[in-house]
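Trainee:
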Amino acid sequence: MNENAFSAQLAIIGGTGLYQLDRFEEIERRTLTTRWGAPSSEIVLIKNNNTSVAFITRHGFEHNIPPHKVNYRANIWALKEMGVKEIISVAAVGGISESMPPESIVIPDQIIDYTYSRKHTYFEDELDAVQHIDFTEPYTKSLRERLLAVSGDLIDGATYAATQGPRLETAAEIQKLKRDGADIVGMTGMPEASLARELEIDYACCALVVNWAAGCAGTTKIEHPQMLKIVNKGMLRVKSVLQALI
Ligand code: HPA
Numbered sequence: 002m003n004e005n006a007f008s009a010q011l012a013i014i015g016g017t018g019l020y021q022l023d024r025f026e027e028i029e030r031r032t033l034t035t036r037w038g039a040p041s042s043e044i045v046l047i048k049n050n051n052t053s054v055a056f057i058t059r060h061g062f063e064h065n066i067p068p069h070k071v072n073y074r075a076n077i078w079a080l081k082e083m084g085v086k087e088i089i090s091v092a093a094v095g096g097i098s099e100s101m102p103p104e105s106i107v108i109p110d111q112i113i114d115y116t117y118s119r120k121h122t123y124f125e126d127e128l129d130a131v132q133h134i135d136f137t138e139p140y141t142k143s144l145r146e147r148l149l150a151v152s153g154d155l156i157d158g159a160t161y162a163a164t165q166g167p168r169l170e171t172a173a174e175i176q177k178l179k180r181d182g183a184d185i186v187g188m189t190g191m192p193e194a195s196l197a198r199e200l201e202i203d204y205a206c207c208a209l210v211v212n213w214a215a216g217c218a219g220t221t222k223i224e225h226p227q228m229l230k231i232v233n234k235g236m237l238r239v240k241s242v243l244q245a246l247i
């Protein structure tokens, strides 16, 4: 690879609470454009020893793009164009399963998609043939295992329910997700994961539980300030996980 190129093998997509990878040397940042539109933010190229890593914020640096308005196609496409082969997606989620309380860091292994009306595929126009990607295992096993090897504190395996947002769920909706088999709930897991698969990029998620999902563990209301406290504290731990991985 050309040393001066704006390229990287690994990319981190930062979610709520993760707007910079400040423990690394920043090499360059660029505003990229794609045939699918503009990515959520500039892409920052960072370096650790000899490893270059691309970093993009899913909601923008100012956190002003809601989950249903994120241009997931542009984000993943821009990373692909940089030569990215692996993506770690960082996400703040609600905990449904009793074994995933706030402050847990979870490496999910399954997804149920409840989102709608999002631009969710690259395969819609000018096709030679209809494409159906395999999505039996939505996250890349080897990448999940590398994350899990970093720290014994990470929870191995969970079903991530991707909801539309931006509102949080009702208690009844969470009960339905639980009956469906969901362990954690977030608003950005899809179509990000399937778009990465469409472009044949390995993809794993590092999910920080920042609240009990609606109605779980006696929760009667999800309080934003409390959630923010856990985001700020927990993302420091997530940064350590990423640092060890990189
Ligand atoms: N529901 C959906 N998305 C979330 C939640 C939640 O409870 N917490 C953080 N992201």
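Under the numbering used here, residues 2 to 247 are what the sequence shown spells out, in order. Glycine included, each C-beta is placed from N, C-alpha and C at the ideal position.
(1) Since K86 and D203 are thought to touch, with beta carbons under 8 angstroms apart, how far apart are those beta carbons, to the nearest angstrom?
(2) Quick check: the segment 219-234 against the segment 145-164, are at least 3 beta-carbon pairs closer than 8 angstroms?
(3) Tell me whether V91 counts as near the ligand HPA, meaning its Cβ is closer than 8 angstroms to at least one heavy atom of that ligand.
(4) Name the two residues that bound the continuous alpha helix (DSSP H) containing N233.
(5) Nearer than 8 angstroms: is that true of the beta carbon of A215 relative to any heavy atom of the ligand HPA?
(6) For the alpha helix (DSSP H) containing R180, list its first residue and its last residue.
(7) Measure the Cβ-Cβ separation of G84 and A9 and say whether it is below 9 angstroms.
(8) Quick check on DSSP: helix, strand or coil for N76?
(9) Please state whether DSSP places L209 in a helix, a strand or coil.
(10) Could you pull out every residue in the same chain whose Cβ sits closer than 6 angstroms to the Cβ of V210, ignoring the five residues on either side in sequence?
(11) Distance check for A92 and M2, CA to CA, integer angstroms please.
(12) Give a single yes or no on whether T17 has its beta carbon closer than 8 angstroms to a heavy atom of the ligand HPA.
Mentor: Considering the structure as presented:
(1) Locating residue 86 in the sequence shown gives position 85, where the first residue counts as 1. Locating residue 203 in the sequence shown gives position 202, where the first residue counts as 1. So it is a contact: roughly 6 angstroms between Cβ atoms.
(2) No, the segment 145-164 does not touch the segment 219-234.
(3) In the sequence shown, residue 91 corresponds to position 90, counting from 1. Checking every heavy atom of the ligand HPA against the Cβ of V91, none is found closer than 8 angstroms.
(4) Walking along the sequence shown from the start, residue 233 turns up at place 232. From DSSP, the alpha helix (DSSP H) with N233 extends over 225-246.
(5) For the purposes of this step, residue 215 is taken as the residue at position 214 of the sequence shown. Because some heavy atom of the ligand HPA lies under 8 angstroms away, the Cβ of A215 counts as near it: yes.
(6) Position 179 of the sequence shown, counted from the start, is the residue given in the question as residue 180. Counting along the chain, the alpha helix (DSSP H) containing R180 begins and ends at 172-181.
(7) Position 83 of the sequence shown, counted from the first residue, corresponds to residue 84. Position 8 of the sequence shown, counted from the first residue, corresponds to residue 9. Using a Cβ distance threshold of 9 angstroms, G84 and A9 count as a contacting pair.
(8) Residue 76 sits at position 75 when you count from the first residue of the sequence shown. Note: N76 maps to helix in three-state DSSP.
(9) Working through the sequence shown from its first residue, we reach residue 209 at position 208. In this structure, L209 counts as strand in the three-state DSSP scheme.
(10) Within the sequence shown, the letter at position 209 stands for residue 210. Excluding residues within five positions, the ones whose Cβ falls inside 6 angstroms are V94, G96, M101, P103, S105.
(11) In the sequence shown, counting from the first residue as 1, residue 2 sits at position 1. In the sequence shown, counting from the first residue as 1, residue 92 sits at position 91. Any reading at M2 is ruled out, since the residue's pLDDT is 47, under 50, leaving its predicted position unreliable.
(12) Numbered from its first residue, the sequence shown carries residue 17 at position 16. Answer for T17: yes, Cβ within range of the ligand HPA.
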